[in-house]
Structures are given as C-alpha cells and as structure tokens.
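Student: Mapping to the working numbering: the sequence shown position 97 is 120, numbers consecutive.
Quick one: the structure is below, questions incoming.
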Amino acid sequence: MSSFKDFLAADIGNVFLNTGEFADETEINGVMMPAVFAKSTTGKPSQSYAEGVSLVTHVLSVSAEVFGEEPEQGERMMVNGKTYYVVRVDEDEGLYTISLEANDA
C-alpha cells in the first residue's frame, strides 16, 4: 500500500512540475528544466531603494533531483536570461522552493 508521502512525491512530478499542468520549461543557469516561476505573493509591495530602481521578488519551485545541489543564500542564479540572487531555499519532499530577488529598473 502506498503512503501519503508516496502520493505526494508522485504529484510533484506528475502534476505540479508537469509542463502540461502548472510548470513551464524554464532556463535555470543555462539548463532547461520544468519549474514554476512566479512573482512573490507576500503582499508586500516592491521596495524602491534607489531612484528608478525597485527590488522584485520571485519564487522558483523546481525538483531537487533535476536541479542538483541546493543553492546557497546570496548565490547568483540566472533564470530565463535574467540575474537573480537567492534569498532563501526550502526543501520539502524533493521540491526546492527558492526565493529570489533582482533589481528592476
């Protein structure tokens, strides 16, 4: 009999990271992989800390197995040709949830 964790792990790959469902093929550090990439929905507005420049935040959800080694806080990451910096990484049941920040002019 399959456990709840088995069903959850299957759903991550078969539904959440399925490009026919939620995910898109996303270029991460030069490698294409299925991921969910969205602006952060924390409810906080983008911070303006220099005239004409805002700090934007995104959340990237990707398979830990496909992505590889867990990124570190402060690490530079290229997503779809744009530079972001890792703010936080959470790993749960084989899924990395990576909070990213970038300057937006």
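Built from N, CA and C at the ideal position, the CB exists for glycine as well.
Ala46 by DSSP, collapsed to three states: which one?
Tutor: Here Ala46 sits in coil by DSSP.
Student: Where DSSP assigns a beta bridge to Glu114, which residues make up the other side?
Tutor: DSSP, once it has assigned bridges, lists Tyr119 as partnering Glu114.
Student: In chain order, what residues of the same chain lie with their CB nearer than 7 Å to the CB of Thr42, ignoring the 5 residues before and after it?
Tutor: The answer, listed in chain order, is Glu48, Pro57.
Student: With respect to the beta strand (DSSP E) encompassing Asp94, which residues constitute its N-terminal and C-terminal limits?
Tutor: Note that residue 94 corresponds to Pro in the displayed sequence, not to Asp. Counting along the chain, Pro94 falls outside any beta strand (DSSP E), and DSSP gives it neither H nor E.
Student: Taking the DSSP output, what are the residues bridged to Ala87?
Tutor: Ala87 pairs with nothing; no bridge assigned.
Student: Output needed for Met101: all residues of its chain with C-beta closer than 6 Å, excluding positions within five of it in sequence on either side, in chain order.
Tutor: Correct list, in chain order: Asn52.
Student: Excluding the 5 residues preceding and the 5 following Val85 in the sequence, name in chain order all residues of the same chain whose CB lies nearer than 6 Å to its CB.
Tutor: Same-chain partners within the cutoff: Ala58, Tyr119.
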